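Visitor:
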Amino acid sequence: MLQFQKTNKSEINGYGNTNSTINLYQQSIYQLNCLQSNAQIISDAINLKKQKNRQDVLQEMMEYLSPLGISLTDIDSLNCIHIAGTKGKGSTCAFLESILRQLGYKTGFYSSPHLIHVRERIQINGQPISEEKMPGYFKFLTIMAFYIFYVEKVDVAIIEVGIGGENDCTNIILNPIVCGITTLDLDHTR
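Start counting the sequence shown at 1; every next residue gets the next number (this note's numbering).
(1) Could you pull out every residue in the same chain whose Cβ sits closer than 8 Å to the Cβ of Thr-107, ignoring the five residues on either side in sequence?
(2) Can you list, in chain order, the residues of its chain with a C-beta nearer than 7 Å to that of Lys-139? Leave out the 5 residues immediately preceding and following it.
(3) Buried or exposed for Phe-95, going by 16 or more other Cβ atoms inside 10 Å?
(4) By Cβ distance below 6 Å, which residues in the same chain neighbour Phe-4 in space, the five residues on each side in sequence not counted?
(5) By the DSSP assignment, the alpha helix (DSSP H) with Gly-90 in it spans what residues?
(6) Taking Arg-119 and Glu-131 to be in contact with their CB atoms under 8 Å, please state how far apart those CB atoms are, rounded to whole angstroms.
(7) Can you check DSSP and say which residues form a bridge with Gly-108?
(8) Looking only at its chain, what residues have a beta carbon closer than 8 Å to the beta carbon of Glu-160, apart from the 5 residues adjacent to it on each side?
(9) So what does DSSP say about Ser-77, is it helix, strand or coil?
(10) From the DSSP output, in three-state form, read off Val-156 for me.
(11) Is it the case that the Cβ atoms of Thr-92 and Ile-83 are separated by a distance below 7 Å?
(12) Measure the alpha-carbon distance for Leu-184 versus Gly-69 and round it to whole angstroms.
(13) Within 10 angstroms of the Cβ of Tyr-142, are there 16 or more other Cβ atoms? Answer buried if so, exposed if not.
(14) How many Å lie between Lys-89 and Tyr-137 at the Cα?
(15) Could you check the C-alpha separation between Tyr-105 and Glu-63 for me, to the nearest Å?
(16) Just the C-alpha distance for Leu-78 and Gln-59, rounded to the nearest angstrom, thanks.
(17) Between the C-alpha atoms of Val-156 and Gln-27, what's the straight-line distance to the nearest angstrom?
(18) Is it right to say Met-1 is buried, meaning 16 or more other beta carbons lie within 10 angstroms of its own, or is it exposed?
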């Protein structure tokens, strides 16, 4: 469960102590990073005693891959080299990828965590996938939301705009049944 430091309104608005504002910012970044951390997921699973058995995990992955038309046979056809261990997995994978690429193989490389950009986690022939092939965080979540809502056959989907404006990715909704607009501040007038 996420726990945040209690702050007063002036600190949140940036009018308070600069150190408190910086600490709040750093704590917020830390908490956001925990949401994506493999260590956090493992810790939560252990703490909540929700460790799934191997069959449950495989079944869950198949449920995600099946609508995309990807089967276990398709996965096997990729000639995967699967590296496990406590330390050195990423380095071993990087060495193998480089060697195989130098030998003329077209390589795919999946690793975590990333150093700078999440796109580094998925590479083709030693190059991170391009920004054009990897939607940003909000776009990815928006795509996933639309996909899940479609598969679940929801009766109504309520979609909040992200950054707003005419270029917001939620504007893919061409015929909404209702549009709502809350208070708009001056930053939305330009």
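Glycine included, C-beta positions come from ideal geometry on N, C-alpha and C.
Every value quoted in this text rests on a predicted model; they were computed, and no experiment measured them.
Guide: The structure says:
(1) Glu-97, Leu-100, Arg-101, Gln-123, Ile-124, Asn-125 and Gly-126
(2) Cys-169
(3) exposed
(4) Because the pLDDT at Phe-4 is just 42, under 50, the model does not fix this residue reliably, and the value given afterwards should be weighed accordingly. So no residue of the chain qualifies.
(5) 89 to 102
(6) 7 Å
(7) Ile-124
(8) Thr-170
(9) coil
(10) coil
(11) yes
(12) 43 Å
(13) Sequence check: residue 142 is Thr here, not Tyr. Buried, by the Cβ-count rule.
(14) 26 Å
(15) 31 Å
(16) 20 Å
(17) 36 Å
(18) Interpretation of Met-1 is limited by its pLDDT of 40, a score under 50 that renders its predicted location unreliable; no figure is taken from the coordinates.
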